[in-house]
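In terms of UniProt numbering, the sequence shown opens at residue 1 and continues consecutively.
Glycine included, every Cβ here is placed at the ideal spot set by N, Cα and C.
From a predicted model like this one, the values you see are computed outputs, not experimental measurements.
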Amino acid sequence: MIIRRIDIENFLSHDRSLIEFKGTVNVIIGHNGAGKSSIIDAISFSLFRKSLRDAKKQEDLIKRGAGRATVTLYLENKGKIYVIKRNAPNQYTSEDTISELTNDTRRTIARGATTVSQKIKELLNLDEEVLKSTIIVGQGKIESVFENLPDVTKKILKIDKIEKLRDSNGPIKEVMDKINNKIIELQSLEKYKNESENQKIQKEKELENIKRELEDLNIKEEKERKKYEDIVKLNEEEEKKEKRYVELISLLNKLKDDISELREEVKDENRLREEKEKLEKDILEKDKLIEEKEKIIEAQNKIKLAQEKEKSLKTIKINLTDLEEKLKRKRELEEDYKKYIEIKGELEELEEKERKFNSLSDRLKSLKIKLSEIESKISNRKISINIEELDKELQKLNEDLNNKNQEREKLASQLGEIKGRIEELNKLLGNLNQVKGNVCPVCGRELSDDHKRKIQNEIIEKLKELDELNKKFKLEINKINGLISELNQIINKKSKEKDIAIRNLADYNNLLTQQQELRKEIEEIENEIERLSIYHEKYIRLKEEEKNLKPKYEEYLKYYDVTEEKIRELERQKIELEKEIEEIMNKVREYYNTDLTQKIRDIEKRIQEIKGKENKLRELDTLLAKIETAKQKIKQNEEEIKKLTDELQLLNFDPNRFQQIKREKEVLEKILGEINSKKGELLGKKEVLENDIKRLEEQIKDYEEKLKNKQKLITAYDKLKKLREHLAEDKLQAYLMNTVKSLVEDSLNSILSRFELSFTRVEVDFNDKNGIYAYTTSGQRLPVNLLSGGERVSIALALRLAIAKSLMNEVGFLILDEPTVNLDEYRKKELIDIIRSTVEVVPQIIVVTHDEELLQAGDYIIRLEKRGDSSKVEVINND
Ligand SMILES: Nc1ncnc2c1ncn2[C@@H]1O[C@H](COP(=O)(O)OP(=O)(O)OP(=O)(O)O)[C@@H](O)[C@H]1O
Ligand SMILES: [Zn+2]
């Protein structure tokens, strides 16, 4: 098997690298950290889902920053190409696949991480542990081959499986135990079979007896059944007769009973008829009584009517006298009523003028009040201030103010002058101290110290004088300022006074005009009032009269509808009523002075008595009718009795004889029932026995079938027992290991001879954990752990190659990650030669190295470089 290609995506340091393996010796070269081992890890990951390096989590294998890594490995095996695709992290394992590639078509054979791993193991015969111990050599792991040499060898030879096979809980023993159990089972089966056969014979005998018994019973049953059928027929006939017999007897009894009852009913007939006649006579009186009662009620009603009419007559009479009185009063009031109406008319005519008079009077009153108010205002307001005088005063004050201002200005300019001079003198005083030459700045003469001092004194004196003056002027200005502000205040006050005076004068004039106007209006109104006063007086007088007449007028209104016609109408009604009452009274004269109610009560009592008699009569009638029907019935029943007695004689039924037949029938039924139940019992037994026999037959057949296997099982058990003995450790296993031992040893020594180590021979001992020993030239036997690092690496490599060469003809590649570590220059060169010559054993070698020297060994160079964070691949053919 050969690795054809690997595609790596986001795996460790690789972004995306597509690497083909073409030579027999492929050298992957690059600096530390370039991403060489990552390729080997990718191969391992695609085969076993595990990297060679110590990665704790699958996530560590994914290129930092990427979310998912994918590795695709192309393997060639026996002319077929397999494509294995693996993914990390675990959430994508369901997308793992292995497929077969033929003519560019891809057929997926398995999917999902576990299934894919299983398939790889089956198809390529690749056992992870074996491969890692031999031909895939991880970085720094070359020597690990020493530790597990015996285990690996056993695994390669599948000896471990043989061991398991003959184990005491291994599969062979298990099968043997199972067979043995079966044999024991079959032995007990044989016993059961014999038992079943005996049982069967027993049951067949029993069945024979029952069959015979059944036959006897059938014969007896037939005899009894015939007897039974005869008696049943007889019984049926008698039953029919009995039914009719019972019917007839009960009918006859009933008829006789009826007759005696009916006779009882008929007994009283004559007495009842007499009673009836008497009652009929009494009842005849009833109609007369009713007639009389009606007449009395009519009279009673009429009397009541007359009384009512009398009552209305009385009311009419009262009304009549009342109305007559009222009419008399109405006539007395008539004159005053007319007068009142007249006055009312005149008052209406005067109303307008009176209203005007009143409103003018009111107006006059209010105008007079207003006038007196204005007049009092005028008398209160004395015009005391003379405006002209105030004007003059103000003029004089303003002049004063002007003068003072001028004075102040003059003082201010004088003060300015003084200040100017003080400044000048101060300047001069300053200059005098700074003069350089000898010329006086004041007079131009020579400036001696004396002169200087004199001038200084003069200036200081002058300054004092000016200062004095300055103060005096300032004082004076302050004084004038005070006067000016005082004047200003006075002027302000006077101006205000003047304003108020002007305003007051205007108000006063205004009041005078108002007074005049009011007086004029009052005069006009007074004239008008005088003109209207005649009407006013008349109005007052009429008003008084109206007031006096008003009660009479109102009383008259109360009698307004009392008229002559009304009184005449009432009189007419009165006469009519009197006539009606007279008529009614004439009609009922005969009932006068009798107690009508008592009379009616008496009559009603008698009617009630008669009604009772009527009821009695009706009862009698029904009784007599019943008696008539009873007589009829008696006749009918007597005829019927005669007919039924005839039938009874004809029927000729004997109850005793019927009882006899019944008893006979019951006895026969009992006998038949017994026979039947006995038969049922026997049939049941028969069926059970037949079933039992059938079941036993089947069981016996089944046992016989199973027992046929017994001999076969015994033979198989013996054979397995022998096989297990043959597989015992010392024999096959020891033979295989020994054969391998010499094979591996020969190969190992032949390879090692090329390393030119100082050993004569290396020995392999599978029974020992560190089972490699080297013989020195002086004949000493050294265990491998005592050798130097370089020696150990050489032996380990040679051993791996030896195992590969001698044991695994199916594996086609060898992977070496940094094999030159610990080797000196010389052995490194040897290694190159070894690698080259190993090609004869392993068709494909993949070497990972940072050592440029190893390039000589390769015919296909894959150079790796790290650019930034990513590994980049460059391929060089080394022809
Ligand atoms: N998950 C990751 N993502 C990205 N880079 C990683 C990841 N894990 C490891 N690396 C880096 O990948 C680089 C390649 O590692 P690798 O073991 O392949 O290097 P190498 O070429 O075999 O070097 P050496 O000769 O030192 O063994 C290293 O620099 C390592 O730090
Ligand atoms: Zn001078």
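From residue 310 to residue 577, what distance separates their C-alpha atoms? 8 angstroms
Distance cut-off 7 angstroms: residue 49 Cβ against heavy atoms of ligand 1: no
Once DSSP output is grouped into helix, strand and coil, what is the label at residue 759? strand
DSSP three-state assignment for residue 146, whether helix, strand or coil: helix
Considering only the alpha carbon of each residue, which of 741, 680 and 668 lies closest to residue 226? 668
With residue 516 as the anchor, note down where its alpha helix (DSSP H) starts and where it stops. 449-558
Mapping the DSSP letters down to three states, classify residue 110 as helix, strand or coil. strand
Below 7 angstroms, is the gap between the Cβ of residue 58 and the nearest heavy atom of ligand 1? no
Residue 796 classed as buried or exposed, judged by whether at least 16 other C-beta atoms fall within 10 angstroms: buried
Which word fits residue 97, buried or exposed, when buried means at least 16 other C-beta atoms lie within 10 angstroms of its C-beta? buried
Given that a residue counts as buried once 16 or more other Cβ atoms are within 10 Å of its Cβ, and exposed if not, what is residue 844? buried
Using alpha carbons as the reference points, say which of 59, 699 and 5 lies closest to residue 190. 699
Let me know if residue 219 comes out buried or exposed under the rule of 16 or more other beta-carbons within 10 Å of its beta-carbon. exposed
Environment of residue 91 [buried if 16+ CB atoms lie within 10 Å]: exposed
Mind checking whether the beta-carbon of residue 110 lies closer than 7 angstroms to any heavy atom of ligand 1? no
Cβ contact check for the segment 462-482 and the segment 440-448: 3 or more pairs under 8 angstroms: no
Would you say residue 36 touches ligand 1, meaning its beta carbon is less than 7 angstroms from a heavy atom? yes
Would you say the beta carbon of residue 62 is closer than 7 angstroms to some non-hydrogen atom of ligand 1? yes
Within 10 angstroms of the Cβ of residue 560, are there 16 or more other Cβ atoms? Answer buried if so, exposed if not. exposed
Whole alpha helix (DSSP H) runs in the segment 760-826 with 4 or more residues, listed along the chain? 789-807
For residue 689 and residue 204, what's the separation of their Cα atoms in angstroms? 8 angstroms
Bounding residues of the beta strand (DSSP E) (the contiguous stretch that carries residue 82): 80-88
Any heavy atom of ligand 1 inside 7 angstroms of the beta-carbon of residue 30? yes
Check whether the Cβ of residue 144 sits closer than 7 angstroms to any heavy atom of ligand 1, and report yes or no. no
Considering Cα atoms alone, identify which of 78, 705 and 50 is closest to residue 4. 78
Report whether the distance from the Cβ of residue 12 to the nearest heavy atom of ligand 1 is below 7 angstroms. yes
How big is the Cα-Cα spacing for residue 28 and residue 114? 30 angstroms
Can we count residue 868 as close to ligand 1, meaning its CB is less than 7 angstroms from some heavy atom? no
Take the Cβ of residue 684 as the centre, count every other Cβ of all protein chains shown within 10 Å, and call the residue buried at 16 or more, exposed below. exposed
Please identify the residue among 423, 830, 287 and 336 whose C-alpha is closest to the C-alpha of residue 755. 830
Check whether the Cβ of residue 138 lies closer than 7 angstroms to any heavy atom of ligand 1, and answer yes or no. no
Please tell me whether, using a cut-off of 7 angstroms, the distance from the CB of residue 327 to the nearest non-hydrogen atom of ligand 3 is below it. Questions concerning ligand 3 fall outside what the structure shown contains, since the ligands it does hold are ligand 1 and ligand 2.
Between the Cα of residue 321 and the Cα atoms of 635, 279, 299 and 567, which residue gives the shortest distance? 567
With C-beta atoms as the reference, is residue 138 less than 8 angstroms away from residue 851? no
Between the Cα of residue 259 and those of 804, 702 and 630, spot the shortest distance and give me the residue it belongs to. 630
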